[in-house]
Structures are given as C-alpha cells and as structure tokens.
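Below is one structure, written out as structure tokens; comments come after it.
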Amino acid sequence: MDEPAEYQFDAVGDSLTLEASEVGSGQFSVVARYADDEDHAAVITTVTLTDPAAWADVTEITLEAQTAGWVGVEPAHIEGVENPELVLEAGREYTIAREDGDGLVHDLRLWDENDELVDDYATELTEETDVRQELSVTATEELAAYVCAPHEMTMRGEIDVVDEFDFDD
C-alpha cells in the first residue's frame, strides 16, 4: 500500500473508493486521527477487500476455528485474515476444511442467505484439538455464508459465488 497520507480525507463529506487490485486483498483498518500523533488515533472500523482473481486457481480452503472468528490458513492470500470472504466459481468442486484452534466445541456449516443449511454441508460438532474436518462442496449460487453454529455471531464469513473467473474485461 502507498503512504496512508494518500488516503486521507480533507473535508467533511469526502469519500474514497479503493479496489483490491490497487491495494491488495486483506483486512484494513480505518483510523481516525485527531492530532498528528498516535496517541490521538483510534481504529473506527476494519474492512476486508477481496480480489476475485486471487481465487481463480483455488480448490482447497482451510480455516482455523477460534471462538472470536474463523482465521484463514490456506490459500496464502487469506492467511491470518479473520472471517475471510470466500470467492468460489459456480459448478466447481472445493474442499473446505476446518482445523481446531482453541480447543472449544466447533463445527463448520454452509448456509444460504436465510441462514439455512445448504445440501447438508456440515461437519460434526467436536472439541478435539488435533482434528481436521473437511467438506467436499460444489459451489452453487445458494451458498452465502460459512458459520460455526455454536458461535455464529462471531464465527461467520461470507461466500461469494461468481459465474466464472473471467478477467478479460
């Protein structure tokens, strides 16, 4: 990313549009600074930008279960990202795996936009620490989110299903 000063607001009502292709995929903090030093700054929100092109060759996704949120493990562009958005191509087969990160009870479920389970895509609830559970998934437009049922308020990420990865535009 370029210097943060290039992304500052000069007047009330200013807005800024950034694309993942400009700054890369990942989580970014929006910081309000009230003076020229760090003591007068606060993170007011965190946003995640996702570059769909980064997902074109992905067929395996691994998430670590932490009660505070899912943490991306693989592919590399989601490593360390909390509740990363998953971009899948319709009709394509994927393996989505969950690994335990904190020893508490977790599962992995794929939901539609009405928070209903899609095609029985769910792992068993388990609190075992050395367990890796996998779902074999065919991406469909119905998929909207991945969640841990006992911790759905914090362990929830979006799924974006695209018709195809076509970047010739």
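Take the position in the sequence shown, starting the count at 1, then add 58; the result is the number in the numbering used here. Glycine included, each C-beta is placed from N, C-alpha and C at the ideal position.
Look up residue i in the DSSP assignment and say whether it is helix, strand or coil.
{"i": "tyrosine 65", "result": "helix"}
{"i": "alanine 112", "result": "helix"}
{"i": "aspartate 178", "result": "strand"}
{"i": "glutamate 192", "result": "strand"}
{"i": "valine 131", "result": "strand"}
{"i": "valine 139", "result": "coil"}
{"i": "valine 163", "result": "coil"}
{"i": "aspartate 218", "result": "strand"}
{"i": "glutamate 199", "result": "coil"}
{"i": "valine 81", "result": "helix"}
{"i": "alanine 207", "result": "helix"}
Hey, out of the options, whose CA is closest to residue i's CA?
{"i": "glutamate 132", "options": "Arg150, Gln124 and Trp113", "result": "Trp113"}
{"i": "leucine 166", "options": "Asp68, Ile136 and Met213", "result": "Met213"}
{"i": "glutamate 80", "options": "Gly71, Asp158 and Pro110", "result": "Pro110"}
{"i": "alanine 203", "options": "Asp97, Asp224, Gln191 and Asp173", "result": "Asp173"}
{"i": "aspartate 94", "options": "Ile119, Thr104, Gln66 and Glu77", "result": "Gln66"}
{"i": "aspartate 178", "options": "Ile119, Leu74, Leu193 and Glu185", "result": "Leu193"}
{"i": "isoleucine 119", "options": "Pro208, Glu210, Ser73 and Val195", "result": "Val195"}
Within its chain, find whatever has a CB closer than 7 Å to the CB of residue i; leave out the 5 residues flanking it on each side and keep chain order.
{"i": "glutamate 143", "result": "Thr106, Thr108, Gly215, Glu216 and Asp218"}
{"i": "valine 176", "result": "Leu168, Trp169, Asp170, Glu200 and Leu201"}
{"i": "valine 189", "result": "Asp158"}
{"i": "alanine 197", "result": "Leu146, Glu147, Ala148, Gly149, Arg150, Tyr152 and Val219"}
{"i": "aspartate 221", "result": "Ala148"}
{"i": "glutamate 137", "result": "Gly130 and Val131"}
Use the C-beta contact count for residue i: other C-beta atoms within 10 angstroms, 16 or more gives buried, fewer gives exposed.
{"i": "serine 87", "result": "exposed"}
{"i": "arginine 156", "result": "buried"}
{"i": "glycine 71", "result": "exposed"}
{"i": "leucine 183", "result": "exposed"}
{"i": "aspartate 68", "result": "exposed"}
What does a CB cutoff of less than 8 Å around residue i pick up in its chain, not counting 5 residues either side in sequence?
{"i": "threonine 117", "result": "Arg150, Glu151, Tyr152 and Thr153"}
{"i": "aspartate 160", "result": "Ala123, Gln124 and Thr125"}
{"i": "phenylalanine 223", "result": "Pro110, Ala111, Trp113, Ala114 and Glu147"}
{"i": "glutamate 185", "result": "Asp158, Gly161, Leu162, Val163 and His164"}
Tell me which same chain residues have a C-beta within less than 6 Å of the C-beta of residue i, skipping the five on either side of it?
{"i": "valine 101", "result": "Ser87 and Val89"}
{"i": "tryptophan 128", "result": "Leu121, Asn141, Met213 and Gly215"}
{"i": "glutamine 191", "result": "Arg156 and Thr181"}
{"i": "serine 164", "result": "Residue identity differs from the one stated: residue 164 is histidine in this sequence, not serine. Excluding residues within five positions, the ones whose Cβ falls inside 6 Å are Ala123 and Cys206."}
{"i": "tyrosine 92", "result": "His98"}
What are the boundary residues of the beta strand (DSSP E) that residue i is part of?
{"i": "aspartate 158", "result": "151 to 158"}
{"i": "alanine 148", "result": "Unbroken run through alanine 148: none, as it is neither H nor E."}
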